[in-house]
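These protein sequence lines are chains A and B, in that order. Going by our numbering, the first sequence opens with residue 494, and the numbers climb by one from there. Going by our numbering, the second sequence opens with residue 9, and the numbers climb by one from there. Heads up, the thing below is written out as structure tokens.
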Amino acid sequence: MRHLQKTTKSNFITYGIVILTAVIIQILSSAGAVSSLIGGLLVPLCAYMILAISLNLVVGILGDLSLGHAGFMCVGAFASAFFSKMTAGTMPDGLRFFFALLIGAAAAGLFGILIGIPVLRLRGDYLAIVTLAFGEIIKNVINVFFIGRDSSGLHFSMKDSVALNLDSTGEVIVNGPQGINGTPKDSTFLIGMFLLLIALIIILNLINSRAGRAIMSIRDDRIAAESIGINITKFKLMAFSISAALAGVAGVLYAHNLSSLVASPKSFGYNMSIMILVFVVLGGIGNIRGSLIAAFILTLLPEMLRGLSNYRMLIYAIVLILMMIFNWSKGGGRLKEMVAERLRGLRKPRTKEVK
Amino acid sequence: MKKKKILSLILVAAMAVTAFAGCGKKESAKNEGGSSEGSAVFKIGGTGPLTGDAAIYGTAVKNGMELAIKEINEAGGIGGVQVEYKFEDDEADAEKGVNAYNTLKDWKMQMLIGTTTSGACEAVVAESHNDNLFQITPSGTSINSVKYDNAFRMCFSDPAQGTVSAQYIAKNNLAKSIAVIYNSGDTYSNGIYENFAKEAKNQGLEIVAAEAFTSESNKDFSVQLQKAKDAGAEMVFLPMYYTEASLILAKAKEMGYAPSFFGCDGMDGILTLENFDTSLAEGLMLLTPFSVDAEDEKTQNFVKAYKDAYGETPNQFAADAYDSAYVIKAAAEKAGIKPDMSVTEIGDAMKKAMTEIEFTGLTGTNITWGEDGEPTKEPIAVKIENGAYVFM
């Protein structure tokens with residue numbers, strides 16, 4: 494182990510944390526020690542962690558602020574839920590979910606490329622605003638689709654489900670703003686953790702590859718990178734579309750965990766995009782392990798605070814502010830060191846106090 | 009550096025362990041309590057939005073349910089057994105709804121009054137179906153809200169409201185050409201519109217304009233009203249909640265456009281809306297299962313008790329929730345369930361009893377339920393005259 498590179502070692506620690514968490518929770522839940530609330534939160538936790546690390550690729554590694562990440566999640570969720578509804582009963586569950594994952598990732602990745610081509614020409618605040626707009630567009634476009642199926646095939650409308658003219662055997666699959674109902678519940682915690690691990694391997698390997706260094710050079714100095722012959726558009730698109738595809742995977746997990754899927758402002762609007770950004774910023778921009786931990790804590794926190802009823806919204810906000818100060822401000826950094834010092838002191842108090 | 013890393017790792021691990029261990033312990037403690045002595049109370053859970061845009065509905069459901077359960081307990085409980093209740097916030101969101109449901113499950117809920125909104129209900133009903141837990145939704149109107157056999161509904165479903173509205177308009181010859189303004193982002197509004205449109209065709213009514221808006225653009229309705237006006241609609245059908253409807257009424261007056269307006273149960277409460285000029289609502293017709301001004305003793309007592317307890321006039325959500333609690337009582341006494349029965353046993357017994365009872369409450373008389381969970385009851389149409397609801 495000693496001759497391993499520092500980054501490799503750090504990566505293995507991250508994988509280790511994820512695997513260890515998965516094993517511990519799996520043991521606890523098979524022993525029946527996990528409450529229904531936590532049991533129900535496990536799959537969303539995986540989805541949010543994947544979202545956080547995938548956004549970190551764009552925000553932290555590529556250095557571009559994207560506020561439309563929930564849009565890609567939305568594409569992945571709807572594409573896969575549509576596929577699963579269409580093929581329900583025609584193939585085994587496992588195989589169907591595998592294809593659903595591929596389709597969700599591919600659809601979101603494709604959207605990432607399509608949106609990336611015009612959007613990535615912009616920089617800074619402009620890019621943030623345009624990605625925000627695209628996220629909203631995706632959500633609103635999905636809200637006007639009505640797709641139904643009957644004996645004569647697929648029907649499509651952008652008006653309402655009455656305009657589909659389905660015959661008596663007809664079934665509305667995508668019902669506009671009411672979304673898709675009755676998606677099979679295929680997501681499990683183990684699949685979620687497995688996907689998280691794959692997403693981690695993809696991202697960490699990308700960062701440490703030749704392409705990853707090119708991407709980071711664009712972040713650090715665009716002009717210098719261009720001058721040494723790095724194809725800026727190509728690498729930007731690469732990071733953006735990989736990030737979108739992984740967000741799509743998170744969307745697939747999310748969609749196959751709840752039986753009703755609605756492109757509401759709450760689940761796929763800019764609030765969600767900002768939420769994911771909060772995971773990234775709190776965990777540390779460019780710090781993949783930090784994003785994982787931040788997503789984990791911030792998803793659990795509001796549910797853990799349920800006992801405080803309506804005050805939990807207030808407490809959640811305060812905790813968020815405190816965590817942000819503790820983690821990232823200069824004074825907070827000193828405070829952190831002081832706390833660390835104190836804790837270290839607790840282990841061997843005598844030497845400390847004598848001095 | 010290295011020490012710091014190790015320290016942070018330990019901290020995170022400690023946090024995770026306490027988080028999970030905390031929950032684990034709570035549950036095991038409850039398990040012991042449940043098995044050794046057997047809980048001597050029925051535990052009824054409720055879910056709905058207590059925060060966010062739809063908080064007004066969730067709060068009404070919570071209050072209505074609370075009031076009914078207090079009364080039931082004072083009168084001796086369900087079959088002599090006291091009732092405990094707990095209400096969890098779901099923010100009208102599917103994901104949070106499932107979290108709220110799971111929280112109640114950890115609390116050992118045996119029956120559920122919920123959820124308040126359709127969107128969350130569709131997700132929760134899939135979970136409660138897995139557990140075979142008896143669920144009655146006071147106000148989840150979409151068809152899919154009760155698509156499993158363990159779920160029943162207190163209010164009218166969207167299709168029922170749309171169909172009944174069209175039939176009512178045709179039967180009473182209120183109008184021939186109708187414009188509809190609806191919220192395409194809302195399951196409730198959309199569901200009513202679609203079924204209204206279907207039935208209108210059968211009834212020979214003509215829909216001259218169908219204009220949609222979404223929750224994000226619900227402040228200015230001049231475009232939709234102008235289209236309705238240009239199409240020459242005699243009546244504008246408004247399947248929506250009263251906050252938006254009040255804006256439409258005000259805008260129509262401003263434009264000098266005066267068709268007749270027809271609404272659904274979501275319109276109930278418009279007269280008590282703050283800063284609303286009630287003269288605007290003059291002549292508005294609506295279908296509603298519950299009216300605050302109904303003269304019967306039951307409604308009067310409920311309105312009085314509700315005002316005393318919470319300082320505001322109850323709306324139909326509160327009435328639906330109040331009735332739901334009494335429906336549970338009626339069905340539970342019919343089924344003869346005991347608090348020490350398992351959730352599944354209670355679910356099975358309640359499912360059967362629900363189709364056998366006949367219930368008279370605030371929101372209807374002689375209501376019966378089919379196996380599909382839908383109630384059969386007569387809608388009441390009221391018209392606003394001189395700032396008060398008048399039965400038509």
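The beta-carbon is built from N, C-alpha and C at its ideal position, and this holds for glycine as well.
Collapsing the DSSP output to three states places A:A581 in coil. Comparing alpha-carbon positions, the option among A:L754, A:F687, A:H648 lying closest to A:G509 turns out to be A:F687. Take the alpha-carbon of A:A621 and the one of A:G744: they are about 21 Å apart. Taking the Cα positions, B:I77 is about 46 Å away from A:V774.
Check the Cα spacing between A:I735 and each of A:L538, A:A599, A:S577, A:Q519: the tightest is with A:A599. Within chain B, the C-beta atoms nearer than 7 Å to that of A:D653 come from E202, in chain order. Close to chain B, meaning a Cβ-Cβ distance shorter than 9 Å, are the following residues of the region 528 to 562 of chain A: S528, S529, L530, I531, G532, G533, L534, P537. Annotation: the continuous beta strand (DSSP E) that includes B:W377 extends over 372 to 377.
Residue environment: B:A289 is assigned as buried (16 or more neighbouring CB atoms within 10 Å of its CB, all protein chains considered).
The beta carbon of B:E214 lies closer than 8 Å to those of K184, S185, I186, A208 in the same chain, with the five residues before and after it left out. The C-alpha of A:L793 lies about 11 Å from the C-alpha of A:G533. If you look at B:Y156, you'll find it isn't in any alpha helix (DSSP H); DSSP assigns it neither H nor E. Residue environment for B:N210: exposed (fewer than 16 other C-beta atoms within 10 angstroms of its C-beta). About 17 Å separates the beta carbon of A:G602 from that of A:F761, a gap too long to meet the 8 Å contact definition. Looking at the DSSP output, B:L294 shares a beta bridge with B:G271, B:V390. Between the C-alpha atoms of A:L770 and A:A740 there is a straight-line separation of about 13 Å.
A residue is called buried when at least 16 other Cβ atoms come within 10 angstroms of its Cβ; A:L647 does not meet this threshold and is exposed.
Those residues of the region 654 to 666 of chain A placed with their C-beta closer than 9 Å to a C-beta in chain B are S654, V655, ordered along the chain. Linking B:A329 to B:M73 through their CA atoms gives a straight-line distance of about 5 Å.
Spanning the alpha carbons of A:F590 and A:S680 requires a straight line of approximately 8 Å. Looking at the DSSP output, A:M709 bridges to nothing. Close to A:S573, with beta-carbon spacing below 7 Å, lies no residue of chain B; the smallest spacing is near 16 Å. Taking the CA atoms as reference points, B:G378 sits about 10 Å from B:D157. Taking a cut-off of 8 Å on C-beta distances, the region 212 to 229 of chain B does not touch the region 159 to 173 of chain B, as fewer than three cross pairs fall below it.
Per DSSP, reduced to three states, the secondary structure at A:A692 is helical. Interface with chain B (8 Å Cβ-Cβ cutoff): A:S753 is included. Contact annotation: B:I177 and B:L246 have beta-carbon atoms that are not nearer than 8 Å. A Cβ-Cβ distance of about 6 Å is found for the pair A:G672 and A:A756, placing them in contact under the 8 Å criterion.
Using a 10 angstroms sphere on the CB of A:F649, the tally of other CB atoms stays under 16, which defines it as exposed. A Cβ-Cβ separation of about 20 Å leaves B:Y65 out of contact with B:T111 under the 8 Å criterion.
Under the Cβ distance rule, B:V244 does not count among the residues neighbouring chain A, no pair being separated by less than 8 Å. A:F638 has its alpha-carbon roughly 12 Å from the corresponding atom of B:G193. Within 10 angstroms of the beta-carbon of B:N198 lie 16 or more other beta-carbons, which makes it buried. At a cut-off of 8 Å between C-beta atoms, B:V106 counts as an interface residue with respect to chain A. In this model, A:H562 and B:V69 are separated by some 35 Å (Cα to Cα). In terms of beta-carbon proximity, B:S192 lines the interface with chain A, with at least one pair separated by less than 8 Å.
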